[in-house]
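Have a look at the structure below, then the notes.
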Amino acid sequence: MIILHLLVNVLDAMGANVVNTMAESISPFVEEMCGGKIYLRIVSNLATHRIAKSKATFDKDLLGGTQVVEGILNAYEFALADPYRATTHNKGIMNGIVALTLATGNDTRAIESGAHAFASLSGKYSPLTKFELDSKGNLVGEIELPLALGIIGGMTKIHPMARIALKILNVKSASELSQVGAALGLAQNVAALRALASEGIQKGHMALHSRNIAKIACVPDELIEKVAKK
Numbered sequence: 001m002i003i004l005h006l007l008v009n010v011l012d013a014m015g016a017n018v019v020n021t022m023a024e025s026i027s028p029f030v031e032e033m034c035g036g037k038i039y040l041r042i043v044s045n046l047a048t049h050r051i052a053k054s055k056a057t058f059d060k061d062l063l064g065g066t067q068v069v070e071g072i073l074n075a076y077e078f079a080l081a082d083p084y085r086a087t088t089h090n091k092g093i094m095n096g097i098v099a100l101t102l103a104t105g106n107d108t109r110a111i112e113s114g115a116h117a118f119a120s121l122s123g124k125y126s127p128l129t130k131f132e133l134d135s136k137g138n139l140v141g142e143i144e145l146p147l148a149l150g151i152i153g154g155m156t157k158i159h160p161m162a163r164i165a166l167k168i169l170n171v172k173s174a175s176e177l178s179q180v181g182a183a184l185g186l187a188q189n190v191a192a193l194r195a196l197a198s199e200g201i202q203k204g205h206m207a208l209h210s211r212n213i214a215k216i217a218c219v220p221d222e223l224i225e226k227v228a229k230k
């Protein structure tokens, strides 16, 4: 079996259509050169040449103090050691990234599959973020993952809500949109780990659940918060 990778600079597009078209177009020439039969001609969603990165320092006092920071580091170590925890760790990251992907008319399934495959490249499923302390005891977090997001092609310029989302973001390139996605994933992860390291994740989840129940029960909008708190 011969596996041929065709690398294409798709600029500001997600690129699936152009890559698939190119793969199908060159397949007769490849068959002629190799004397074999080509079976699959399709884009890979493991976009290792489109890596997005983000890094930030979070003030320990703003996070809630040294104890909370230590709790976040412990949660990170837990995700490093256990793929069951790493899966939920990364799911929290993707909560933000997938929302951005959907809002901008991009392919959520492609982004999800690529991120989780990237998390497994070492042979072990691992967290997509890394955390450590700086010399002042503040939390330093960073994220790295493939984000094949586009700002042209597909639904990005057709769907009215996608156009509005891109206008609000004011991004000028696919690379810039991917950087926003990485920063969002890191922020989402820190927020979730901070909750886990302090009051617990259910406080926020149950507050949202209570508001949803109040809405289902047709509670007037001005009374929803009051009813939810009870």
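Residue numbering for the sequence shown follows UniProt numbering, beginning at 1 and increasing consecutively. Think of the CB as a built atom: it goes at the ideal place given N, C-alpha and C, for glycine as much as any other residue.
> Just how far apart, CA to CA, sit Arg109 and Lys60?
Replying inline: The residue labelled residue 109 in the question sits at position 109 within the sequence shown. The residue labelled residue 60 in the question sits at position 60 within the sequence shown. Distance between the alpha carbons of Arg109 and Lys60: 35 Å.
> Tell me, which residues are paired with Thr57 by DSSP?
Replying inline: Counting from 1 along the sequence shown, the entry for residue 57 is found at position 57. According to DSSP, Thr57 bridges with Val140.
> Thinking just about the alpha-carbon of each residue, which of Phe58, Ala192, Tyr84, Ala23 is nearest to the one in Ser135?
Replying inline: The sequence position of residue 135 within the sequence shown is 135, counting from 1. With distances taken between Cα atoms, Ser135 lies closest to Phe58.
>> Can you tell me whether Tyr84 is buried or exposed? The criterion is at least 16 other CB atoms within 10 Å of its CB, across all chains shown.
In response: Translated into positions along the sequence shown, residue 84 becomes position 84. Exposed: under 16 other Cβ atoms inside 10 Å.
> If you run the structure through DSSP and keep just helix, strand and coil, what is Pro127?
Replying inline: Taking the first residue of the sequence shown as position 1, residue 127 is located at position 127. Here Pro127 sits in coil by DSSP.
> Straight-line CA distance for Asp82 to Lys130?
Replying inline: Translated into positions along the sequence shown, residue 82 becomes position 82. Translated into positions along the sequence shown, residue 130 becomes position 130. Each residue's alpha carbon lies about 15 Å from the other.
>> Using 8 Å for Cβ pairs, my map puts residue 254 next to Ala103. What's the rounded Cβ distance?
In response: Residue 254 cannot be examined here, being either before or after the span of the chain that is shown, 1 to 230.
> Looking at C-alpha atoms only, which residue of Ala197, Ser120, Gln179, Ala191 is the closest neighbour of Ser54?
Replying inline: In the sequence shown, the residue the question calls residue 54 occupies position 54. It is Gln179 whose Cα lies nearest to the Cα of Ser54.
>> From the DSSP secondary-structure annotation, give me the bridge partner or partners of Glu132.
In response: Here residue 132 refers to the residue found at position 132 of the sequence shown. In the DSSP output, where bridge partners are listed per residue, Glu132 has Val140.
>> If we require 4 or more residues per run, which alpha helix (DSSP H) segments fall completely within the region 40 to 108?
In response: Runs found: 60 to 63, 66 to 81, 83 to 103.
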